[in-house]
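Down below is the structure, laid out as structure tokens.
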Amino acid sequence: MLLLPLAIVGCTKDNILTQPLSTGDNTTPASTVDVPTDDEDDVDGTNFVRTISLVWSASSVAVSGDDNGIVSVSGTDVTINNTGTTEKVKYELSGSCSDGSLKIYSNNKQALYLNGLSLTNPDGAAINNQGKKRCFVVVSGVNSLADGSSAAYSASGEEDMKAVFFSEGQLIFSGSGSLSITADNQQGKAALTSDDYIRLAENAPTLTVTSGSKAGHGIRGKDYIHIGGGTVKASVAAAMKKGFSSDSLVAITGGATTINVTGGSAYDSEDQDYSGSAGIKADYAFKMTGGTVSITNSGQGGKGIKVGGSSDKGVKIFTSEISGGTLDIKVTGSDYTAGDVSAKGIKIGWAIKSDTKAGPGGPGGPGGPGGGGGMGGGTTYSDMTGDLLISGGTVRVTCTSNEAIEVKKTLTITGGEVFAYSTGDDAINSASTFTVTGGKVCGISTANDGLDANGNFYIQGGIVYGSGSGTPELGIDANTEGGFKLYLQGGTVVAIGGVESGASNSLQSSYSSWSANKWYGITSGSTSFALKAPSSGGNTMYVFGSSKPSVSTGVTPSGSSFWNGYGYTGF
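When we follow this note's numbering, the leftmost residue of the sequence shown carries the number -1, and every step to the right adds one.
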């Protein structure tokens, strides 16, 4: 399994770490990872010395430009063997065939120019690239690749053949056309797979991948997946499968990505454990700096984004990071009880519990009565990994069964807009330190705490809104029973249902009653905004700020909305 370097300038094998990260302690975030870049991923920078044209029809393939005799045709199955030359070849692919295929052996870079290609292989992969060098895929017009429901995917010797479009080497997509890939097989094979990395350039095409109920992942890039542009639509229906899957990093820097997952959980005989589906699964980090991502998952035990996993105990992972773009996640599936697989919006990392004690209800919180001890306090961990840093962008996550956002080590929010809503557990939970220094953060739960830290919770800036389900669950909770504390040190803070009773408060406070679904105006110093009360929650609204906060009831919101419509910039 590959580990990414702390800062990647070019994705060379020498840059890849071969040892796990050091364990460290429970409060220090791990290093972040840069998005891999490489100038050689630009197709215009490669000089192709030869162009070979392949045009499929129902019963034959027309070949032109093959001066070296590297193309062989058997009916409508094409094999290219470019291992005996050093030529970089461009292949122009077009035509339509319902029973054909393309297999490539090459020691050199190559480019596949798809221009009106419709190719189905009912026996296995439509395109099977065994070359380990870069393979550029330039898409023009409308193109489609597919297998068949009875495809056996019988490989030759030790060769891999893991997808409808499979490549041993890197796949770099560009172009203005569209490509649809459909996996109907019953062998668990994916729609699109590279045993290296997959990159969509800024000028990428529209890529639609559909994986059926017995097939595999939508897109799998073993080393990493990078979406830099274009439009990606992925639909995945099989249990345990993922829209995007990587053994390392998934990075989003641009484009528009939509992932819909309906498959649930099952027993994974390879890992000898139960496993659930996910919109995005990355073993070591998720990073988003731009673009849009929309994920829906309705499968039992399914997740929106999963980084790391229980099978990786002892391996420390990098800090996942969101600094730009818009991320929307909706998880509606129930838990998969047979294997104790929980459905969650975002899950970062893993943790091993060493002790769990249910804390009793406590005395009133600062600023007025109503604070509670919270249930589940006192949880400590013998080991943990998985940090999340949010410094920009917009993050909106809803989950019906468990946490909307769960981070198994530290969670740090310095900017951006974060909205989390759960009807099954905490809206946002950090197993270790939870720090907010800026941005707009909202966590609403109808079943547990709004914002919860199992370690220390520091609020030092920004606008923070937490709403819990009611006593003993709180709007904002910290693990006092475990020896930790909530520190209110800055920003403007609203908590429906109170805050942790052992909190250290440096702010001025007010509190008032509230009514479900009503709008309230909050003013503290130069900070002024409107927020909507939830449909249910704790008895009292607590407000904290650097100056004495005021609460206006029955206001009309105005300006720009945030927090998925629960907040407005004015009133």
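Cβ coordinates follow ideal geometry from the N, Cα and C atoms, glycine included.
Could you check the C-alpha separation between Tyr463 and Asn201 for me, to the nearest Å? Here residue 463 corresponds to residue number 465 of the sequence shown, with the count starting at 1. Here residue 201 corresponds to residue number 203 of the sequence shown, with the count starting at 1. Straight across, the Cα-Cα distance linking Tyr463 with Asn201 is about 39 Å.
The beta strand (DSSP E) spanning Ser534 covers which residue range? The sequence position of residue 534 within the sequence shown is 536, counting from 1. Here Ser534 belongs to no beta strand (DSSP E), and DSSP marks it neither H nor E.
Helix or strand or just coil, what does DSSP make of Glu90? Position 92 of the sequence shown, counting from 1, holds the residue named residue 90. Residue state, collapsed to three classes: strand.
Taking only three categories from DSSP, how would you classify Val434? The residue labelled residue 434 in the question sits at position 436 within the sequence shown. DSSP places Val434 within a strand segment (E or B) once states are collapsed to three.
Can you look up Val578 in the DSSP assignment and give me helix, strand or coil? Nothing can be reported for residue 578: it is not among the residues displayed for the chain, which extend from -1 to 569.
In DSSP terms, what Phe417 is bridged to: Here the question's residue 417 lines up with position 419 in the sequence shown. According to DSSP, which records beta bridges pairwise, Phe417 is partnered with Arg394, Cys440.
Could you pull the DSSP bridge partners for Gly464 from this structure? By 1-based counting over the sequence shown, the position of residue 464 is 466. Under DSSP, Gly464 takes part in a beta bridge, and its partners are Gly441, Ala493.
Tell me whether Thr21 is buried or exposed, calling it buried when 16 or more other Cβ atoms sit within 10 Å of its Cβ. Counting from one through the sequence shown, the residue named residue 21 turns up at place 23. In this prediction, Thr21 has a pLDDT of 39, which is less than 50 and means its spatial position is unreliable; nothing more can be read from the coordinates.
Beta-bridge pairing of Gln458 - partner residues as DSSP gives them: The sequence position of residue 458 within the sequence shown is 460, counting from 1. Secondary-structure assignment with DSSP links Gln458 through a beta bridge to Gly488.
Buried or exposed for Thr431, please, with buried defined as at least 16 other CB atoms from any protein chain shown within 10 angstroms of its CB. In the sequence shown, the residue the question calls residue 431 occupies position 433. Residue burial is scored here from C-beta neighbours: Thr431 has at least 16 other C-beta atoms within 10 angstroms and is therefore classed as buried.
Limits of the beta strand (DSSP E) - the one that Ser176 falls within: Looking up residue 176 in the sequence shown gives position 178. Under the DSSP assignment, Ser176 falls in the beta strand (DSSP E) whose first and last residues are 176 to 181.
Which of the three DSSP states is assigned to Gly337 in this structure? Residue 337 sits at position 339 when you count from the first residue of the sequence shown. Reduced to three states, the DSSP call for Gly337 is coil.
If you draw a straight line from the alpha carbon of Asp97 to that of Glu268, how long is it in whole angstroms? Taking the sequence shown and counting its residues from 1, the one referred to as residue 97 is at position 99. Taking the sequence shown and counting its residues from 1, the one referred to as residue 268 is at position 270. If I take the Cα positions, the gap works out to 32 Å.
Run through DSSP, which three-state label would Thr412 get? By one-based count along the sequence shown, residue 412 stands at place 414. Of the three classes helix, strand and coil, the one that applies to Thr412 here is coil, per DSSP.
Quick one: using the 10 Å Cβ neighbour count with 16 as the cut-off for buried, is Ala235 buried or exposed? Along the sequence shown, one-based indexing puts residue 235 at 237. By the neighbour-count criterion, in which 16 or more other beta carbons inside 10 Å mark a residue as buried, Ala235 falls on the buried side.
Please confirm whether Ala189 and Ile196 have their CB atoms less than 7 Å apart. Here residue 189 is taken as the residue at index 191 of the sequence shown, counted from 1. Here residue 196 is taken as the residue at index 198 of the sequence shown, counted from 1. For Ala189 and Ile196, no; Cβs fall outside 7 Å.
Ordered along the chain, which non-local residues of its own chain (more than five positions away) have a Cβ less than 8 Å from that of Gly621? Since the first residue of the chain shown is -1 and the last is 569, residue 621 is not available in this structure.
Beta-carbon contacts of Pro532 that lie in its chain and below 6 Å, excluding the five residues immediately before and after: In the sequence shown, the residue the question calls residue 532 occupies position 534. So the list reads Ile442, Ser465, once near-sequence residues are dropped.
If Gly536 and Ile474 are in contact, beta carbons under 8 Å, what's the gap, nearest whole angstrom? Counting from one through the sequence shown, the residue named residue 536 turns up at place 538. Counting from one through the sequence shown, the residue named residue 474 turns up at place 476. Taking 8 Å as the upper bound for CB-CB distance, Gly536 and Ile474 are not in contact here, some 11 Å apart.
Per-residue DSSP class, three states only, for Gly359: Within the sequence shown, the letter at position 361 stands for residue 359. Low confidence applies here, because Gly359 scores a pLDDT of 37, under 50, leaving its location unreliable; read the following figure in that light. Assignment of Gly359 by DSSP, reduced to helix, strand and coil, places it in the coil class.
If contacts are defined as beta-carbon pairs under 8 Å, then Asn80 and Ser62 qualify, I think. What distance do you get, rounded to the angstrom? Position 82 of the sequence shown, counted from the first residue, corresponds to residue 80. Position 64 of the sequence shown, counted from the first residue, corresponds to residue 62. About 16 Å separates the CB atoms of Asn80 and Ser62; that is not less than 8 Å, and the two are not in contact.
Alpha carbon to alpha carbon, how far is His215 from Ser243? Position 217 of the sequence shown, counted from the first residue, corresponds to residue 215. Position 245 of the sequence shown, counted from the first residue, corresponds to residue 243. Taking C-alpha positions only, His215 is separated from Ser243 by approximately 7 Å.
Got a sec? Which residues, its chain only, sit under 8 Å from Ser99 by beta carbon, not counting five neighbours each side? Looking up residue 99 in the sequence shown gives position 101. Residues of the same chain with a CB within less than 8 Å of the CB of Ser99, apart from the 5 flanking positions on each side, are Thr74, Asp75, Val76, Leu117, Asn119, Asp121, Gly122, Ala123, Ala124, Ile125, Asn126 in chain order.
Using 10 angstroms around the beta-carbon of Ser154, count the other beta-carbons present and answer buried if the total reaches 16, otherwise exposed. Your numbering for residue 154 matches position 156 in the sequence shown. By the beta-carbon neighbour count (other beta carbons within 10 angstroms, threshold 16), Ser154 is exposed.
So, at 7 Å on beta carbons, what are the nonlocal neighbours of Thr521 in its own chain, with the 5 sequence-adjacent residues on each side left out? As a working mapping, residue 521 is identified with position 523 in the sequence shown. The residues Pro547, Ser548, in chain order, have a CB closer than 7 Å to that of Thr521 in the same chain once the five nearest residues on each side in sequence are set aside.
With a threshold of 7 Å on Cβ separation, who are the neighbours of Val69 within its own chain once the five nearest residues in sequence on each side are excluded? Walking along the sequence shown from the start, residue 69 turns up at place 71. Non-local beta-carbon contacts of Val69 in its own chain, meaning distances under 7 Å to residues more than five positions away in sequence, involve Ile50, Val61, Val76, Ile78 in chain order.
Using beta-carbon positions only, say whether Ile257 and Ile293 come within less than 7 Å of one another. Along the sequence shown, one-based indexing puts residue 257 at 259. Along the sequence shown, one-based indexing puts residue 293 at 295. Taking 7 Å as the cut-off, the Cβ atoms of Ile257 and Ile293 count as close.
Local Cβ density within 10 Å of Ala349, reported as buried at 16 or more and exposed below that: As a first step, residue 349 must be located in the sequence shown, where it is residue number 351. Residue burial annotation: Ala349 is buried, with at least 16 other C-beta atoms found within 10 angstroms of its C-beta.
Alpha-carbon to alpha-carbon, Tyr272 and Asn141: Translated into positions along the sequence shown, residue 141 becomes position 143. Translated into positions along the sequence shown, residue 272 becomes position 274. Asn141 and Tyr272 have their C-alpha atoms some 37 Å from each other.
Looking at Lys438: is its Cβ nearer than 7 Å to the Cβ of Ile461? As a working mapping, residue 438 is identified with position 440 in the sequence shown. As a working mapping, residue 461 is identified with position 463 in the sequence shown. With contacts defined as CB atoms closer than 7 Å, Lys438 and Ile461 qualify as a contacting pair.
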